[in-house]
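Note that this note's numbering has the sequence shown beginning at 1442, numbered continuously upward.
The beta carbon of each residue, even a glycine, is placed where N, CA and C say it ideally should be.
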Amino acid sequence: MRESGFKASGFPWRLYCGRQALEQNLKEAVTRAGARRAFVICSPSITRRTQSVDRIAATLGDLYAGVFDGTENDATYASVFAAKEAAVAAGADLLIAVGGGGVIMAARGAAIFMAEPDDPFRIMTQYPEGKPAYSPRLMAAKPPIINVPITPTSAMNRAGTALKNPDLDHRMEYFDPKTRPHSIFLDEEALLATPAELFRSTATTVLAGVISAKGQLDTNPLVEGDDDQAFRLAYRAYPRLLDEPDNASLRLDLCIAAFLQNRAEDDAMRRLLRPGPFSGSYAVSTAIHIRYPRIGQGESTSVIHDTRIRLAEAVDLRAARRVAEALEVWRDGMDGREAALAVADRLEALYTRLGMPTRLRQLDIPREDFPKIAADTVKNFNANSGVRSQEAQIAEALRLLEAAY
């Protein structure tokens, strides 16, 4: 524990897990929120390929206000604004997001646009030339949100929103604690309806996150508890996804691991990112995923994760030992660098076994695109909120991209 003590924060939420969680608890959750017009936001694949929206409508009865199923990949500004318009037209006073991280962020964006009177471009995170980025405070009350994740996404209980806009050179970013979910539903049928490849991709980001957390030394007992349990759940479930694609327990465990990752950040009162040799590169992975919509978040993570570890020159022995022991590759007498390389080898083998790429060339990304990818990392508030120069950020990204090719 930190010698100087610690602070923690918490947020109101209810978590419902298991078989028929929607049928058993959703109407009660909507009523408890004081809502009378619950409006669903999702992608076309949810209404075409699953029964989730039909189940919600049947469960809510007169409380169901309709659905907008036009959310596009990576929560585009145009589709989120259209979702807001549809929700307003339906008289919505509560939003239900059914989908992965993009849909959940889309619902947060719609809630912000429903409530905030100012122009969306004025209230998003600003990047003034030569000055640190900043996020305007969003003060209006927001409609409550219920999240029904279909993947183990870190978006499920957070407050940040990032919308893709092809007319800008960065995403439209917003931060509003009032968009944290009122309730979260981890429903077995909804999770099992997710294609195995999509679930595996998002689960890869969860595994990368819990490994990063294992390398953190300056924690408090609350963080340590959440991080340790998140790791146990994810590390136990992830390797079995390939052989047991219809095992609902594995999918639930990975979703709970993602939930605990987020709660650990609240327990530490810090942002999601944890810099360190075992953390990969959120900025580079996000830039790849956003620039190439065909590439999933997990794939953009796995292609650089072990390389990022191999590039680390000075590795704290205590942190390296914690990670190496957790991944079962520690040997007595190792120094920090040796332990880090053993971790990188273990991760490369694990990702490969699950069918995940570990080199950029496997994703058919042209090397001539590297400067553009590196430049994209600059305007990412989570990864670079003015703490480093643009030149340093770009140079670091280029070094990683070349090494990971």
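How is the beta strand (DSSP E) around residue i delimited, first residue to last?
i	result
Arg1455	Arg1455 to Gly1459
Leu1627	Ser1624 to Asp1628
Tyr1615	Met1613 to Phe1616
Ala1506	Tyr1505 to Phe1509
State the beta-bridge partners of residue i as determined by DSSP.
i	result
Ala1600	Note: Ala1600 sits in no beta bridge, so no partner.
Tyr1575	Gln1567
Cys1483	Val1539
Lys1605	Thr1517
Val1589	Val1539
Hey, quick one: how far does the alpha helix (DSSP H) through residue i stretch, first residue to last?
i	result
Asn1703	Ala1689 to Ala1709
Glu1557	First-last for Glu1557: undefined, no H or E at that position.
Lys1813	Phe1811 to Asp1817
Asp1669	Pro1662 to Ala1678
Ala1761	Leu1758 to Ala1767
Val1744	Gln1738 to Leu1752
Lys1468	Ala1462 to Arg1473
Ile1685	Looking at the sequence provided, one finds Glu at residue 1685 rather than Ile. Per DSSP, Glu1685 belongs to no alpha helix (DSSP H) and is neither H nor E.
Phe1640	Ala1637 to Lys1655
Gly1401	For residue 1401 there is no data in the structure shown, the boundaries of the chain being 1442 and 1846.
Hey, how far is the Cα of residue i from the Cα of residue j?
i	j	result
Tyr1457	Phe1811	43 Å
Thr1850	Tyr1679	Outside the displayed range of the chain (1442 to 1846) lies residue 1850, so it cannot be described from this structure.
Val1885	Ala1581	With the chain covering 1442 to 1846 only, the question about residue 1885 has no answer from this structure.
Leu1609	Ile1814	15 Å
Leu1648	Gly1796	15 Å
Leu1714	Gly1721	Legend: pLDDT at Leu1714 = 49, less than 50; position of this residue unreliable, value from coordinates given subsequently. Approximately 10 Å between the Cα atoms of the pair.
Met1442	Ala1547	Model confidence at Met1442 stands at a pLDDT of 48, short of 50, so the residue's coordinates are unreliable and nothing is read from them.
Asp1668	Ser1520	35 Å
Asn1588	Pro1622	6 Å
Glu1706	Val1664	7 Å
Arg1478	Ala1506	5 Å
Ile1652	Ala1530	45 Å
Leu1693	Gly1571	45 Å
Ala1844	Ala1556	45 Å
Leu1839	Thr1742	16 Å
Ala1755	Phe1719	12 Å
Gln1567	Leu1579	13 Å
Thr1645	Arg1704	19 Å
Leu1504	Ser1830	51 Å
Ile1497	Thr1620	21 Å
With 8 Å as the threshold, decide whether the Cβ of residue i is near any Cβ in chain D.
i	result
Glu1769	Among the protein chains of the structure shown there is no chain D, as only one such chain exists.
My guess is that residue i and residue j are in contact by the Cβ rule of under 8 Å, so how many angstroms apart are they, rounded?
i	j	result
Leu1633	Ala1574	The Cβ separation is near 40 Å, so there is no contact.
Tell me whether the stretch 1584-1595 and the stretch 1691-1700 touch, counting them as touching only if at least three CB pairs, one residue from each stretch, are closer than 8 Å.
With the cut-off at 8 Å, the stretch 1584-1595 and the stretch 1691-1700 touch.
Quick one: any contact between the stretch 1562-1573 and the stretch 1523-1538, if contact means 3 or more CB pairs under 8 Å?
Pairwise C-beta distances place the stretch 1562-1573 out of contact with the stretch 1523-1538, as fewer than three of them are shorter than 8 Å.
Does the contact criterion of 3 or more C-beta pairs under 8 Å hold for the stretch 1615-1635 versus the stretch 1539-1553?
Touching, yes.
Stretch pair the stretch 1746-1755 + the stretch 1771-1786: three plus CB contacts closer than 8 Å:
In the pairwise beta carbon analysis, the stretch 1746-1755 is classified as touching the stretch 1771-1786: at least three pairs are separated by under 8 Å.
Is the stretch 1510-1518 touching the stretch 1483-1502 in the sense that three or more CB pairs, one from each, lie closer than 8 Å?
These segments touch.
Are the stretch 1623-1643 and the stretch 1461-1473 touching by the rule of at least three beta carbon pairs closer than 8 Å?
Contact holds: three or more Cβ-Cβ distances are below 8 Å.
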